[in-house]
Amino acid sequence: MNRPIPLAKILGQPAANGLYRLAEGMALPAAIKVAGRQLTGKAALLKTFAEAFAFPDWFGHNWDALADCLTDLSWHEGAVALLIDDAAVPETAAPDDWGVLLAILADAAHYWRTEGRPFAVFLQGGHAAYPRVAA
Numbered sequence: 001m002n003r004p005i006p007l008a009k010i011l012g013q014p015a016a017n018g019l020y021r022l023a024e025g026m027a028l029p030a031a032i033k034v035a036g037r038q039l040t041g042k043a044a045l046l047k048t049f050a051e052a053f054a055f056p057d058w059f060g061h062n063w064d065a066l067a068d069c070l071t072d073l074s075w076h077e078g079a080v081a082l083l084i085d086d087a088a089v090p091e092t093a094a095p096d097d098w099g100v101l102l103a104i105l106a107d108a109a110h111y112w113r114t115e116g117r118p119f120a121v122f123l124q125g126g127h128a129a130y131p132r133v134a135a
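Using this note's numbering, the first residue of the sequence shown is number 1, and each one after it goes up by one.
As structure tokens, then:
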């Protein structure tokens, strides 16, 4: 069994950008929070992300626009820590759309790593494939 990665080794560290799973009940006070229960399809997912990240008016509500906004973020200062709770809900309710979202988030994390900006995504519930984080 893999040992959990300490949260302090991820937050604020561009080299650690990526997707992680966070134990139930673990808090990230400064994170952008997205309720997994709202991510039940493409339209709901895009709307929820647009609201959570305060996307600009030009956001086109499609996958390409989501990717563009997540690799721009000129309206959002500093590090990004995204917490998606109840991540098992979209994993089950909208597996294809969820897969596209996770790929876009992984690409954004990689992009920001090359730019030296912290961008970490934390999934609570489900997703055993991602590295586990400890306090």
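Note that beta-carbon positions come from the ideal geometry of N, C-alpha and C, so glycine has one too.
Query - First through last residue of the alpha helix (DSSP H) which encompasses Leu70 - result: Per DSSP, the continuous alpha helix (DSSP H) segment holding Leu70 begins and ends at Trp63 to Leu70.
Query raised in the report: Ends of the beta strand (DSSP E) at Phe53?
Result: No beta strand (DSSP E) contains Phe53, which DSSP labels as neither H nor E.
Requested in this report: State the CB to CB distance for the pair Asn17 and Arg113, rounded to an integer number of angstroms; the pair is presumed to be in contact (CB under 8 Å).
Outcome: That pair is a contact at about 4 Å.
Query raised in the report: Among His61, Leu46, Ala15 and Glu24, which one has its Cα closest to the Cα of Ala79?
Result: Closest option to Ala79, Cα to Cα, is Ala15.
Query raised in the report: Excluding the five sequence neighbours on either side, which residues of its own chain have a C-beta within less than 6 Å of the C-beta of Phe55, listed in chain order?
Result: In its chain, beyond the 5 residues on either side, Cys69 have a beta carbon closer than 6 Å to the beta carbon of Phe55.
Requested in this report: Keeping to the same chain, check which residues put their C-beta closer than 6 Å to that of Tyr111; ignore five residues upstream and five downstream.
Outcome: Here the set comprises Thr71.
Query raised in the report: Any idea what DSSP makes of Gln38, helix, strand or coil?
Result: Gln38: helix per DSSP, three-state reduction.
Query raised in the report: Which two residues bound the contiguous alpha helix (DSSP H) that contains Tyr111?
Result: Counted as a single uninterrupted DSSP element, the alpha helix (DSSP H) harbouring Tyr111 occupies residues Pro95 to Glu115.
Report task. Assuming Ala93 contacts Gly126 (C-beta within less than 8 Å), just tell me the rounded distance between them. Result -> Beta-carbon to beta-carbon, Ala93 and Gly126 are separated by about 11 Å, too far to satisfy the 8 Å threshold.
**Report entry** Element boundaries [beta strand (DSSP E), containing Phe59]
**Finding:** Careful: Phe59 lies outside any beta strand (DSSP E) and carries neither H nor E.
Query - Backbone secondary structure at Ala134 - three-state DSSP - result: Correct three-state label for Ala134: strand.
Report task. Would you be able to state if there are at least three C-beta pairs under 8 Å between the segment 37 to 50 and the segment 20 to 29? Result -> With a cut-off of 8 Å, the segment 37 to 50 and the segment 20 to 29 do not count as touching, because too few Cβ pairs lie within range.
Report task. Please name the residue, chosen from Gln124, Pro90 and Gln13, that lies closest to Thr48 on a Cα-to-Cα basis. Result -> With respect to the C-alpha of Thr48, the residue from Gln124, Pro90 and Gln13 having the closest C-alpha is Pro90.
Query - Buried or exposed by the 16-neighbour rule on C-beta atoms within 10 Å, applied to Ala27 - result: With fewer than 16 other Cβ atoms within 10 Å, it is exposed.
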